[in-house]
Amino acid sequence: MPATRLSLRIIGIILLVITTGYAIWHFTSNEPLKVELVTVDRGVVEATVVNTRAGTIKACRRAKLSPQAGGQIVRLNIHEGDRVKQGQILLELWNIDLQAQYDLAKQQLATAENRQQEACILAENAQREYVRTQQLVEQGFVSAQRADDAHATAKANRAACAATAADVKRAQAQIAVSQANLDRMQLIAPFSGIVAQITGELGEYVTPSPPGIPTLPVVDLIDDSCLYVSAPMDEVDAPKIQVGQTARITLDALPDHVFDGTVRRIAPYVTEIEKQARTVDVEAEFTHPGQAAFLVGYSADIEAIIDQRQAVLRVPTQVIRQDNKVWVVDQNNQLEERTLETGLANWVYTEVLAGLTEGEQVVLSSSEGELAAGQPVTPKSPQP
1 MPATRLSLRI IGIILLVITT GYAIWHFTSN EPLKVELVTV DRGVVEATVV NTRAGTIKAC
61 RRAKLSPQAG GQIVRLNIHE GDRVKQGQIL LELWNIDLQA QYDLAKQQLA TAENRQQEAC
121 ILAENAQREY VRTQQLVEQG FVSAQRADDA HATAKANRAA CAATAADVKR AQAQIAVSQA
181 NLDRMQLIAP FSGIVAQITG ELGEYVTPSP PGIPTLPVVD LIDDSCLYVS APMDEVDAPK
241 IQVGQTARIT LDALPDHVFD GTVRRIAPYV TEIEKQARTV DVEAEFTHPG QAAFLVGYSA
301 DIEAIIDQRQ AVLRVPTQVI RQDNKVWVVD QNNQLEERTL ETGLANWVYT EVLAGLTEGE
361 QVVLSSSEGE LAAGQPVTPK SPQP
């Protein structure tokens, strides 16, 4: 009898454990998982191409200027950050000797012009004298030899007048040479812009760059009225990009702004920085350049819009799993796995051609375990 009671007691304990375990499994397995859901809607889907490395804002015109000749800076009319106009003198080198040569050339020109005036007056007078002598010869008052002498004198004076005219032109040419030498001592702004950097101070000596030996420019001038972005695109994506395509430009310095742009140039060659990283430089200009104060050298990205479709059925790209499968929540709040037929896509949205209808809910994320078909779920608040 005691052995029978002990056996019955052991059997009862085993049954209690099994029953308790089943109850726990039953209630926990049917408890809905919390998942983050998104609703299938309609909107814009774009196919875009983005640069592989950071691009750079550049100026349409930027010149690193140096005087054509070497010399000592005697006049520096600018400071870094100054805005200058086209034709403005930026700096001037010592040129007293050249200025003296220029003044001498002007005096020589004045002398040559006076001599020309004298010679030409004599030539006119000699011509009139020859005409009068010829009339007297015809009337028989003077000999023909007198007329020949007058004619020779008139011709000689005309030749002297022509010679002095050549002297005037030579003096004018000498002035032009002297002026060119003076101009070489000045650095003139080729366009309007802002002075970015000055390498040199008043009294210092500057030297033009000899062939094959680069030296620092004296003035770095930037025309910041026209800016664009240059960025490297992967060679695989380059054939998709066309000049004139719409683009979006983003800047690291202004992360909360997106600027409209247009592709303006595609490099006709591939840049080989690394053997496994070949890129094509693409340039995009700002559609509205006055939207913000940009600095040349800002890092920037170009997102070229290859294709765009309006009001199409779409889902966030991250909900799509391998083989275009998604988890859909049915009317009973249970999971159903579906396979989608997709169209245009980017890293944000994917166009849905078949497999979903507008208004259905799909699982965006879940952190409470593996998902399975038929499993009950409940929505949770989306993560910020």
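Under my numbering, think of the first position of the sequence shown as 1, with each following residue one higher. Heads up, the beta-carbon is just placed ideally off N, CA and C, and yes, glycines get one too. All values derive from a computational prediction rather than experimental measurement.
Buried versus exposed, by CB contacts within 10 Å (16 or more), residue i
{"i": "Q375", "result": "buried"}
{"i": "V280", "result": "buried"}
{"i": "A173", "result": "exposed"}
{"i": "R314", "result": "buried"}
{"i": "G77", "result": "First, the amino acid is wrong: residue 77 is Asn here, not Gly. Exposed, because fewer than 16 other Cβ atoms sit within 10 Å of the Cβ of N77."}
{"i": "N157", "result": "buried"}
{"i": "I13", "result": "exposed"}
{"i": "G193", "result": "buried"}
{"i": "D224", "result": "buried"}
{"i": "N125", "result": "exposed"}
{"i": "P214", "result": "exposed"}
{"i": "Y269", "result": "exposed"}
{"i": "M1", "result": "Bear in mind that the predicted position of M1 carries a pLDDT of just 45, short of 50, making it too unreliable to give a figure here."}
Residues bridged to residue i (per DSSP)
{"i": "T250", "result": "V258, D301"}
{"i": "R278", "result": "E272"}
{"i": "G374", "result": "Bridge partners of G374: none, in fact."}
{"i": "T52", "result": "None, per the DSSP bridge assignment."}
{"i": "S225", "result": "None; S225 has no bridge partner."}
{"i": "K64", "result": "D220"}
Assigned secondary structure, residue i (DSSP; H/G/I helix, E/B strand, else coil)
{"i": "A293", "result": "coil"}
{"i": "D237", "result": "coil"}
{"i": "K155", "result": "helix"}
{"i": "T317", "result": "helix"}
{"i": "R146", "result": "helix"}
{"i": "V177", "result": "helix"}
{"i": "Q310", "result": "strand"}
{"i": "A47", "result": "strand"}
6 Å Cβ shell around residue i - same chain, five flanking residues per side excluded
{"i": "T378", "result": "P32, K34"}
{"i": "C120", "result": "C161"}
{"i": "A54", "result": "S299"}
{"i": "R115", "result": "T164"}
{"i": "Q88", "result": "A189"}
{"i": "R62", "result": "I222"}
Residue i: first and last residue of the uninterrupted alpha helix (DSSP H) it sits in
{"i": "E138", "result": "96-139"}
Residue i, enclosing beta strand (DSSP E) - first and last residue
{"i": "K325", "result": "325-329"}
{"i": "A39", "result": "It should be pointed out that residue 39 corresponds to Thr in this sequence rather than to Ala. Segment 33-39, the beta strand (DSSP E) holding T39."}
{"i": "A354", "result": "349-354"}
{"i": "Q72", "result": "71-76"}
{"i": "V243", "result": "Counting along the chain, V243 falls outside any beta strand (DSSP E), and DSSP gives it neither H nor E."}
{"i": "Q186", "result": "186-188"}
{"i": "Q197", "result": "193-198"}
{"i": "Q361", "result": "361-366"}
Beta-carbon proximity list for residue i, same chain, < 7 Å, skipping 5 on both sides
{"i": "E285", "result": "Y228, G261, T262, R264"}
{"i": "Q308", "result": "V44, E46"}
{"i": "A373", "result": "L335, E336, E337"}
{"i": "N95", "result": "L182, M185"}
{"i": "T199", "result": "L216, P217, V218"}
Own chain, CB closer than 8 Å to residue i, minus 5 neighbours either side, in chain order
{"i": "Q179", "result": "Y102"}
{"i": "A112", "result": "T164, D167, V168, R170, A171"}
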